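To get the numbering used here, take the position in the sequence shown, counting from 1, and add 22.
Note that the Cβ used here is the ideal one computed from N, Cα and C, for glycine as well.
This one's a predicted model, so the numbers in the text were calculated from it and none came from an experiment.
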Amino acid sequence: SPDLPAQIEAALERNAMDRLGLESRSGTVLIGSDRIAQNARSGKLASLYHASDASEDGNRKLDQAWRIGNDVEGSGLRGLALPVTRTILGLALGRENVVHIGLTDRAAAKRVSEALDRWLHFIGPEPTPVPCETASQGASASQQKGPPDLSGAPTAADVHEEFE
Numbered sequence: 023s024p025d026l027p028a029q030i031e032a033a034l035e036r037n038a039m040d041r042l043g044l045e046s047r048s049g050t051v052l053i054g055s056d057r058i059a060q061n062a063r064s065g066k067l068a069s070l071y072h073a074s075d076a077s078e079d080g081n082r083k084l085d086q087a088w089r090i091g092n093d094v095e096g097s098g099l100r101g102l103a104l105p106v107t108r109t110i111l112g113l114a115l116g117r118e119n120v121v122h123i124g125l126t127d128r129a130a131a132k133r134v135s136e137a138l139d140r141w142l143h144f145i146g147p148e149p150t151p152v153p154c155e156t157a158s159q160g161a162s163a164s165q166q167k168g169p170p171d172l173s174g175a176p177t178a179a180d181v182h183e184e185f186e
């Protein structure tokens, strides 16, 4: 089927967003910049994600708080910018305006990272987001010409160096 890659991509994205939703319902997901920053600075944050339409300033502040909490100032540790908007993240978590996501539970962070890695590995680095026409279509689609370029593309696991 010519649309098989698109179907696979949609299924992997849905799986990743469903995983975030499950973790949110189990209480392991933090949303809200202040709550995330507080947990990040105190070293309690296992992973950090940003919506594709999050402000650079907001990302930078939370990334810095996470580095401080992990005692790795000056390192390149930063949250992963996901190829979905705050609207899609909000739908996945059943909340409005989800711009940043933090996970405090290491096992939950690993489960989310694995689901995201499968999806991000399949789509390759930096796809061009295309907003969906209706929320009923699920998460946003992406367009990319040719096969994914997997040469050194950062994965969700790269952000979580402490996993073994």
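Where does residue i land, buried or exposed, given buried means 16+ other C-beta within 10 angstroms?
i, result
"R41", "buried"
"L111", "buried"
"P105", "buried"
"I123", "buried"
"L26", "exposed"
"G101", "buried"
"A28", "exposed"
For residue i, which beta-bridge partners are listed by DSSP?
i, result
"A137", "According to DSSP, A137 bridges with nothing at all."
"A103", "H72"
"G124", "L52 and L70"
Which value, in whole angstroms, describes the spacing of the CA atoms of residue i and residue j?
i, j, result
"S135", "E45", "12 Å"
"P147", "A137", "16 Å"
"K83", "A59", "8 Å"
"L142", "E35", "8 Å"
"D93", "L70", "16 Å"
"A76", "G116", "18 Å"
"R89", "A33", "33 Å"
"G43", "N61", "20 Å"
"L67", "I53", "12 Å"
"P24", "I30", "11 Å"
"A73", "L125", "15 Å"
Taking the continuous beta strand (DSSP E) assigned at residue i, which residues delimit it?
i, result
"G80", "Taken as a continuous stretch (DSSP letters only), G80 belongs to no beta strand (DSSP E), being part of the alpha helix (DSSP H) at E78 to G91."
Report the option in the options whose CA atom is closest to the CA atom of residue i.
i, options, result
"A130", "H143, A76, W88 and A38", "A38"
"T50", "K132, G101, D139 and G96", "K132"
"D127", "G65, S23 and I30", "G65"
"G96", "A87, A103 and G43", "A87"
"R108", "G80, L102 and N119", "N119"
From what residue to what residue does the alpha helix (DSSP H) around residue i run?
i, result
"S46", "L26 to R47"
"R108", "R108 to L115"
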